[in-house]
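Encoded as structure tokens, the structure appears first; notes follow it.
There are 2 protein chains.
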Amino acid sequence: MTGIRAKQKEKTRRALINAALNQLDPQTSFFSLSLREVAREANIAPTSFYRHFQNMDELGLTLVDEGGLTLRQLLRQARQRLADGGSVIRISVEIFMDFIANNRGVFRLLLQEHSGTSKEFRLAIAREIDHFKAELADYLLNERKLPEHLARLQADAMVRIVFSIGADALDLSAAERAELAEDTILELRMIARGATALQKPKGEYNDPT
Amino acid sequence: MTGIRAKQKEKTRRALINAALNQLDPQTSFFSLSLREVAREANIAPTSFYRHFQNMDELGLTLVDEGGLTLRQLLRQARQRLADGGSVIRISVEIFMDFIANNRGVFRLLLQEHSGTSKEFRLAIAREIDHFKAELADYLLNERKLPEHLARLQADAMVRIVFSIGADALDLSAAERAELAEDTILELRMIARGATALQKPKGEYNDPT
DNA sequence: AAATTGATCTAACATCTGTTCACTGATAAA
DNA sequence: TTTATCAGTGAACAGATGTTAGATCAATTT
Numbered sequence: 000m001t002g003i004r005a006k007q008k009e010k011t012r013r014a015l016i017n018a019a020l021n022q023l024d025p026q027t028s029f030f031s032l033s034l035r036e037v038a039r040e041a042n043i044a045p046t047s048f049y050r051h052f053q054n055m056d057e058l059g060l061t062l063v064d065e066g067g068l069t070l071r072q073l074l075r076q077a078r079q080r081l082a083d084g085g086s087v088i089r090i091s092v093e094i095f096m097d098f099i100a101n102n103r104g105v106f107r108l109l110l111q112e113h114s115g116t117s118k119e120f121r122l123a124i125a126r127e128i129d130h131f132k133a134e135l136a137d138y139l140l141n142e143r144k145l146p147e148h149l150a151r152l153q154a155d156a157m158v159r160i161v162f163s164i165g166a167d168a169l170d171l172s173a174a175e176r177a178e179l180a181e182d183t184i185l186e187l188r189m190i191a192r193g194a195t196a197l198q199k200p201k202g203e204y205n206d207p208t
Numbered sequence: 000m001t002g003i004r005a006k007q008k009e010k011t012r013r014a015l016i017n018a019a020l021n022q023l024d025p026q027t028s029f030f031s032l033s034l035r036e037v038a039r040e041a042n043i044a045p046t047s048f049y050r051h052f053q054n055m056d057e058l059g060l061t062l063v064d065e066g067g068l069t070l071r072q073l074l075r076q077a078r079q080r081l082a083d084g085g086s087v088i089r090i091s092v093e094i095f096m097d098f099i100a101n102n103r104g105v106f107r108l109l110l111q112e113h114s115g116t117s118k119e120f121r122l123a124i125a126r127e128i129d130h131f132k133a134e135l136a137d138y139l140l141n142e143r144k145l146p147e148h149l150a151r152l153q154a155d156a157m158v159r160i161v162f163s164i165g166a167d168a169l170d171l172s173a174a175e176r177a178e179l180a181e182d183t184i185l186e187l188r189m190i191a192r193g194a195t196a197l198q199k200p201k202g203e204y205n206d207p208t
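Taken in order, these protein sequences are the chains called A and B. For the first sequence, numbering that gives the first Met the number 0 begins at 0 and goes up steadily by one. For the second sequence, numbering that gives the first Met the number 0 begins at 0 and goes up steadily by one.
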């Protein structure tokens, strides 16, 4: 099963995947990559590409899978670190920022191609983000005892904020990213506070905003 | 000044602008457009393009200007309708949704190319959105009497939410858009409530989120 | 040991791209 | 009326792209 041949094939497959991810930078979206560029970066002939993927779209969807995997690792790591106690929001934001810094290529794909040009792509990415959102909504439902609709909306708002800021943070220095993280934390706290406030609408007064 | 010649030139210039805007659809970002495609759609020879713009980038930046104009019209219209009274958030969201429905091309550019591939583009769009954010922060500062930092952050959060949802809403039916608008309103109310709550942190209890 | 498989290569194709050049002909200026 | 301007044209270029076809030759299977 793990013959020399299969191993070598897997190796150049990874080379292709990494070639694509490494080519993604602020000026280069996945769809501006050409098959030939990727093959060149992976040091194989353009024609060899077809031994691994039917076309660039298939490579791209593979990368999106990779992105989903990364998001799930993020959640797992967040849960672990939360067991030690501390502010949920702060810890989550810090982990998120770490992840985008250490997985730039994949997050670029997720955050940029999110409103991108290919329907299949957008749907695949939306699916991954929806998983993420659903897990967050679940947490809010169980731990924070919010009504379902409110939990869903709070999760939606939070994920939109975090991913939007994340896109901005992708190419900042560690210091700038830390600054943005503080803003993010405050914005998320607004949302959390607001959600619990909306839950008990018998507050002092009803802000007519 | 307004000779036959100048008039005709302005007309084909508009034709080029509209050709580009009309080609933007869910599957086609501005940077996937070719000069030749745009010229074809505008019914001129590819070479004639250069009589109007130095290259596609210049056309693109012109479209971004168009987008800024649209955003300013949106604000003006919102202010007018607000004079008649009503929920600020509801009115604003409804106007926004109307605008994206009626200016799909321009908003696609603003919302898609926002995290796009060209630095010049991203900066130009960020500039327009920052104007928008600044006007909103001003309003929150003056009308809602929030401290500056909080006003800035609230505006930031709101704009991120609205533009993120806006991108999703671009190609929905009117009914689906209206549904999304309701969710948007609730999410924005969370933020507004949360911001005023954070302002007076002596509330009943401090949620350790 | 012989036969087969399959990941890789080079060469070649048709097609699209941005851009240049010299030209035309109606409008504008003299 | 003569002259100059200039938006628009078609032909042609060099380069990049996706994709096909055929050959190579080491790893695998028989």
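From the three backbone atoms N, C-alpha and C, an ideal C-beta is built for every residue, glycine too.
Check                                                                                                                                                                                : Outcome
Since Gln198(B) and Leu149(B) should fall inside the 8 angstroms C-beta cutoff, what is the C-beta to C-beta distance between them, to a whole number of angstroms?                  : 6 angstroms
Please classify Thr27(A): does DSSP put it in a helix, a strand, or coil?                                                                                                            : strand
What are the residues of the stretch 0 to 30 of chain B that lie near chain A, defined by any Cβ-Cβ distance shorter than 8 angstroms?                                               : Pro25, Gln26, Thr27, Ser28, Phe30
Between Gln26(A) and Thr46(B), which are expected to be in contact by the criterion C-beta below 8 angstroms, what is the C-beta distance as a whole number of angstroms?            : 28 angstroms between Cβ atoms; not a contact.
Quick check: what's the CA-CA separation for Lys8(A) versus Arg192(B)?                                                                                                               : 56 angstroms
What did DSSP end up calling Ser91(B) once you bin it into helix, strand or coil?                                                                                                    : helix
Pick out whichever of Glu93(B), Glu127(B), Met55(B) has its Cα sitting closest to the Cα of Gly165(B).                                                                               : Glu93(B)
When Cβ atoms are compared, which residues of the stretch 169 to 196 of chain A fall closer than 7 angstroms to chain B?                                                             : Asp182, Leu185, Glu186, Arg188, Met189, Ile190, Ala191, Arg192, Gly193, Ala194, Thr195, Ala196
Scan the stretch 137 to 163 of chain B for residues whose Cβ lies nearer than 7 angstroms to a Cβ of chain A and list them as they occur along the chain.                            : Leu152, Gln153, Asp155, Ala156, Arg159, Ile160, Ser163
Is it a yes or a no for the stretch 50 to 64 of chain B touching the stretch 100 to 117 of chain B, going by three-plus beta-carbon pairs under 8 angstroms?                         : yes
If you count every other CB in all the chains shown that lies within 10 Å of the CB of Tyr138(A), and 16 or more means buried, which is it?                                          : buried
For the stretch 100 to 116 of chain A, which residues have a beta carbon sitting closer than 7 angstroms to at least one beta carbon of chain B?                                     : Leu110, Gln111, Ser114, Thr116
Can the beta-carbon of Glu40(B) be found closer than 7 angstroms to that of Ala5(B)?                                                                                                 : no
So, helix, strand or coil for His51(A), using DSSP?                                                                                                                                  : coil
For Leu167(A), report the span of its alpha helix (DSSP H) as first-last.                                                                                                            : Before going on, a small fix: residue 167(A) reads as Asp here, not Leu. Element bounds for Asp167(A): 147 to 168.
Counting contacts by CB-CB distance shorter than 7 angstroms, is Ala44(A) in contact with chain B?                                                                                   : no
Could you have a look at Leu140(A) and say whether DSSP puts it in helix, strand or coil?                                                                                            : helix
Cutting at 6 angstroms between CB atoms, please list the residues of its own chain near His113(B), excluding the five before and the five after it.                                  : Ile124
Which residue comes first and which comes last in the alpha helix (DSSP H) that contains Ala197(B)?                                                                                  : Contrary to the premise, residue 197(B) reads as Leu rather than Ala in this sequence. Note, Leu197(B): alpha helix (DSSP H), 173 to 198.
Please check the pair Leu179(A) and Ala168(A), which I expect to be a contact at CB under 8 angstroms, by giving their CB distance rounded to whole angstroms.                       : 5 angstroms
Return the first residue and the last residue of the alpha helix (DSSP H) that Leu110(B) is part of.                                                                                 : 103 to 111
Given Ile128(A), which residues of its chain have a CB within under 6 angstroms of its CB, disregarding the five upstream and five downstream residues?                              : none
In chain A, which residues lie less than 9 angstroms from Ala166(B) when you measure between Cβ atoms?                                                                               : His113, Ser114
Thinking His51(A) and Thr11(A) are a contact (beta carbons under 8 angstroms), I'd like their distance in whole angstroms, please.                                                   : 7 angstroms
Identify each residue in the stretch 114 to 134 of chain A for which the Cβ-Cβ distance to at least one residue of chain B is less than 9 angstroms, and report them in chain order. : Ser114, Gly115, Thr116, Ser117, Lys118, Arg121, Ala125
Going by the beta-carbon positions, is the gap between Ile88(B) and Ile190(A) smaller than 7 angstroms?                                                                              : no
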